[in-house]
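Trainee: Residue numbers (my numbering), protein chains in the order written: chain S, 1 to 520; chain Z, 1001 to 1074.
Dropping the structure in here first, questions after.
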Amino acid sequence: MTTGIPVHRSIGASPVGTDGAHLETLIVGAGPVGLSMALDLARRGRKVTVLSRLDFIAAGSKGICYSKRSLDIWDRLGVGQAMVDRGVVWNLGKVFWGESSTPIYEFDLLPVKDQRRPAFINLQQYHVEAILVDALGRYPNVDIRWGHELTALDARADGVSVTVEAPGGRYTLSTDWLIACDGNKSTVRGLMGLDFEGRVFEDNFLIADIKMKGEHPAERWFWFDPPFNPGQSALMHKQPDDVWRLDFQLGWNIDREAAMRPENVEPLVRAMLGDEIEFEREWYSVYTFQCRRMQRFVHGHVLFAGDSAHLVSPFGARGANGGLADIDNLGWKLERVLEGKAPEGFLESYNYEATTTADENILNSTRSTDFLTPKSTASAAYRDAVLSLAGEHAFARPFVNSGRLSTAVSYPASPLSTADEDADWDGVAPGSPALDAPFGGDWLLGTLGGGFRLIANGWQGEAPVPVIDVASEALIVDRYDLSPGSACLIRPDQYVAARWRHPSPAKISAAIARAEGAAA
Amino acid sequence: MSLETKPNVARPDDLYEAMIAAQAGMSEAESLRFSARLILLLINQIGNDALVKDAIEAAREPVPTPAAGSGPQG
């Protein structure tokens, strides 16, 4: 048994599985990514088994920031409202420099209004996992095996055999598909002899999640070189239940064990918030980070998603949100392969689109990290020049990089997209995520659901998919640039696949075939 | 538009003097920061990403190319 990990919710070990049983899909890992993957497949009616190494939901707070795109995905999975109800909503970031209490830069992360979801919610990872576990409990086609750990694996061309260690004994399983959502130290990746490529950053950061009655607003506050952590950066973020995430940059050559001891953490907290504050420790830890990914996420019948496949620095909230983008992309594709509607090669598009997303996340998080922790004299000089100009001159503020926060990634060159046949388009291009807007007392994204849909402005043809007519919705017409008679095809993961000024049933069918891998 | 590399200011000596005078008495670190602030202001004034990238390339000192046929020495 794993010990020493704080428990949020005890569940207890599941009984040992039937030795030699054969599964359709096995998900390894029960974090936000693995559980969301299970929920996506479960809602598509697929049978799915999840292995959770722990037999409880761990209490240590890890990921806290969930983006609008992740909320949109969770809406599609039926848990978005539960997440928002439990979380702290925020849209605004403020950046401070030095001793001044006036921010040098503010940013609104949801510049396009009239969408159902906010830019972000903050929510402890254990609350996210608990909501997902509760939702999965309503699906008889889902089997979560608590306290069951994958220890050996034989990946073949047409499936995977695994050995599982459980408190009641060891057993074997075979599965058509294995989805590795088992985190940055992925057992699956290790057993397959696969590794990451990319950069490791030499810096340490302290997380202090504390409980206090605070009056600070629900905003992301970031400091460069504050008096309470001179020469370093710091971050403060509100979580539910009066929990606050404080994050202090510590530098590279430090004693990590000593840095997370209460007698060393608490002076930093008091220096930041004032000697008089009363607080309780929720969770202290020191982390380092990497910006790296696997070269490929698809290895035969083993598919990698989330931190098992890619790692980023936390500045930008691109870790868990990047993982949720993976499962959003993979679910409908795997469903089509499982149903025999698409060839296995269709999953190559998951590899392409998910690595595209990972590369954008890694690029942004690497740039943020280089701004936060300059690696050369010149880099430090430019960083300080930007900060010193930003207070007085508006032009310098967009250069301030305290983290470029996660947004949905577009795939302009995706092989699943059909290129525009008309040149005069504005709006949402093929390969980009659908943009939300109010729709008939509801919301457009909520109306789209999880299959192919056609958003049309008064088009009268026979579409091979359900049509959502938006002729009376001026904002949607504007956001998608849908002149009368034109239409836009949306994928099951709510990305735009194609659009036409003059749609026809044949064009729509061809675009669906392309988006379902006909060109693979 | 391409990067202007022909003479384009009326009084080069005045500008050169002003730039040096502004940094008189500065330490190397102060001078580096001053230069960074100046460059950021000028980048924004140019307001053209491609031109700025061309200027960055043009600012690199050319690497001397070894004469044809010369190999490693010694």
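All residues carry an ideal CB built from backbone N, CA and C; glycine is no exception.
Could you pull out every residue in the same chain whose Cβ sits closer than 6 Å to the Cβ of Z:Asp1013, ignoring the five residues on either side in sequence?
Mentor: For Z:Asp1013, where only same-chain residues beyond five positions count, there are no Cβ hits under 6 Å.
Trainee: So what does DSSP say about Z:Pro1012, is it helix, strand or coil?
Mentor: Note: Z:Pro1012 maps to helix in three-state DSSP.
Trainee: The beta strand (DSSP E) with S:Arg156 in it runs from where to where?
Mentor: First-last of the beta strand (DSSP E) with S:Arg156: 149-156.
Trainee: Measuring CB atoms only, is the region 171-189 of chain S touching the region 205-223 of chain S, in the sense that at least three cross pairs come out at less than 8 Å?
Mentor: Contact fails: fewer than three Cβ-Cβ distances are below 8 Å.
Trainee: Determine whether the beta carbon atoms of S:Thr49 and S:Asp143 lie at a separation below 7 Å.
Mentor: Cβ atoms of S:Thr49 and S:Asp143: closer than 7 Å.
Trainee: Can you give me the C-alpha to C-alpha distance between S:Trp221 and Z:Met1019, rounded to a whole angstrom?
Mentor: Distance between the alpha carbons of S:Trp221 and Z:Met1019: 37 Å.
Trainee: Is S:Ala497 closer than 7 Å to S:Ala417 when the C-beta atoms are compared?
Mentor: In the sequence on display, residue 417 of chain S carries Ser and not Ala. A contact, by the Cβ cut-off of 7 Å.
Trainee: CA-CA distance, S:Ala325 and Z:Ser1027?
Mentor: Approximately 49 Å between the Cα atoms of the pair.
Trainee: Can you give me the start and stop residues for the alpha helix (DSSP H) that S:Ser101 sits inside?
Mentor: Here S:Ser101 belongs to no alpha helix (DSSP H), and DSSP marks it neither H nor E.
Trainee: For the putative contact between S:Ile5 and S:Ala58, defined by C-beta atoms under 8 Å, what is the C-beta separation to the nearest angstrom?
Mentor: Going by Cβ atoms, the distance from S:Ile5 to S:Ala58 rounds to 5 Å, so yes, they are a contact pair.
Trainee: Is the region 341-353 of chain S touching the region 294-313 of chain S, taking contact as three or more C-beta pairs under 8 Å?
Mentor: These segments touch.
Trainee: Hey, out of S:Gly450, S:Asp19, S:Gln239, whose CA is closest to S:Arg76's CA?
Mentor: It is S:Gly450 whose Cα lies nearest to the Cα of S:Arg76.
Trainee: Can you pull the chain Z neighbours of S:Ser388, defined as C-beta to C-beta under 8 Å?
Mentor: Residues of chain Z passing the Cβ test: Arg1033, Arg1037.
Trainee: Which ranges would you report for the beta strand (DSSP E) in the region 210-274 of chain S if only whole runs of at least 3 residues count?
Mentor: Counting only runs of 3 or more, we get 220-224, 233-238, 243-251.
Trainee: Mind the definition here: the region 190-203 of chain S touches the region 234-241 of chain S only if three or more C-beta pairs lie below 8 Å; say whether that holds.
Mentor: Contact fails: fewer than three Cβ-Cβ distances are below 8 Å.
Trainee: Residues of chain Z with CB closer than 7 Å to the CB of S:Thr384, please, in chain order.
Mentor: A small fix is needed here, since residue 384 of chain S is Asp in this sequence, not Thr. Under the 7 Å cutoff, chain Z gives Arg1033.
Trainee: Who are the near neighbours of Z:Phe1034 in its chain, counting only those whose CB is closer than 6 Å to its CB and skipping five residues on each side?
Mentor: The residues are Gln1023.
Trainee: Between the region 395-411 of chain S and chain Z, which residues of the former have a C-beta closer than 8 Å to a C-beta of the latter?
Mentor: Answer in chain order: Phe395, Ala396, Phe399.
Trainee: Quick one: does Z:Leu1040 have its CB under 7 Å from some CB of chain S?
Mentor: Yes, Z:Leu1040 lies at the interface with chain S (some Cβ there is under 7 Å from its Cβ).
Trainee: Tell me the rounded alpha-carbon separation between Z:Gln1073 and S:Tyr382.
Mentor: Only weak support exists for where Z:Gln1073 lies, its pLDDT of 46 falling under 50; the coordinates are left without a value.
Trainee: Determine, for Z:Asn1048, whether the minimum Cβ-Cβ distance to residues of chain S falls below 7 Å.
Mentor: With 7 Å as the cut-off, Z:Asn1048 does not count as an interface residue toward chain S.
Trainee: Within the same chain, show all residues whose beta-carbon is closer than 7 Å to that of S:Cys65, passing over the 5 residues directly before and after it, in chain order.
Mentor: If we look at S:Cys65 and ignore the five residues flanking it on each side, its Cβ neighbours are Phe120, Asn122, Ala317.
Trainee: Given that a residue counts as buried once 16 or more other Cβ atoms are within 10 Å of its Cβ, and exposed if not, what is S:Leu387?
Mentor: Buried: at least 16 other Cβ atoms inside 10 Å.
Trainee: Below 8 Å on the Cβ atoms is my guess for S:Gln115 versus S:Asp442; work out the distance and round it to an integer in Å.
Mentor: Actually they do not touch by this definition, with Cβ atoms about 13 Å apart.
Trainee: So is Z:Asn1008 in contact with chain S if we call contact Cβ pairs under 7 Å?
Mentor: Taking Cβ atoms only, chain S never reaches closer than 7 Å to Z:Asn1008, which makes this a no.
Trainee: Thinking C-alpha only, which one of S:Ile476, S:Ala487, S:Leu448, S:Leu372 is nearest S:Asp422?
Mentor: Out of S:Ile476, S:Ala487, S:Leu448, S:Leu372, S:Ala487 has the C-alpha closest to the C-alpha of S:Asp422.
Trainee: In the DSSP assignment, find the alpha helix (DSSP H) that holds S:Asn364 and state where it starts and stops.
Mentor: Unbroken alpha helix (DSSP H) run through S:Asn364: 348-372.
Trainee: Where do the N-terminal and C-terminal ends of the alpha helix (DSSP H) with S:Thr447 fall, by residue?
Mentor: Start and end: 444-448.
Trainee: Mind pulling the chain Z residues with CB within less than 7 Å of S:Ala381?
Mentor: Near S:Ala381 (Cβ distances below 7 Å), the residues of chain Z are Leu1032, Arg1033, Ala1036.
Trainee: Rounding to the nearest angstrom, what Cα-Cα distance links S:Leu136 and S:Phe315 in this structure?
Mentor: In a straight line, the C-alpha of S:Leu136 is about 30 Å away from that of S:Phe315.
Trainee: Measuring only the C-alpha atoms, how far is S:Pro466 from S:Tyr480?
Mentor: Near 18 Å, if we compare the C-alpha coordinates of S:Tyr480 and S:Pro466.
Trainee: Restricting to Cα atoms, I'd like to know which of S:Ala463, S:Val16, S:Ala474, S:Glu516 is closest to S:Trp500.
Mentor: Of the candidates S:Ala463, S:Val16, S:Ala474, S:Glu516, the one whose C-alpha sits nearest the C-alpha of S:Trp500 is S:Ala463.
Trainee: Using a Cβ-Cβ cutoff of less than 8 Å, which residues in the same chain neighbour S:Val79 once the five nearest sequence positions on both sides are dropped?
Mentor: Once the five neighbours on either side are set aside, the close Cβ partners of S:Val79 are Leu39, Ile131, Leu132, Ala135.
Trainee: Check distances from the C-beta atoms of the region 360-377 of chain S to those of chain Z and list, in chain order, the residues that come in under 8 Å.
Mentor: Answer set for the region 360-377 of chain S: Thr377.
Trainee: Use the C-beta contact count for S:Ile27: other C-beta atoms within 10 angstroms, 16 or more gives buried, fewer gives exposed.
Mentor: Answer is buried; the Cβ neighbour count reaches 16.
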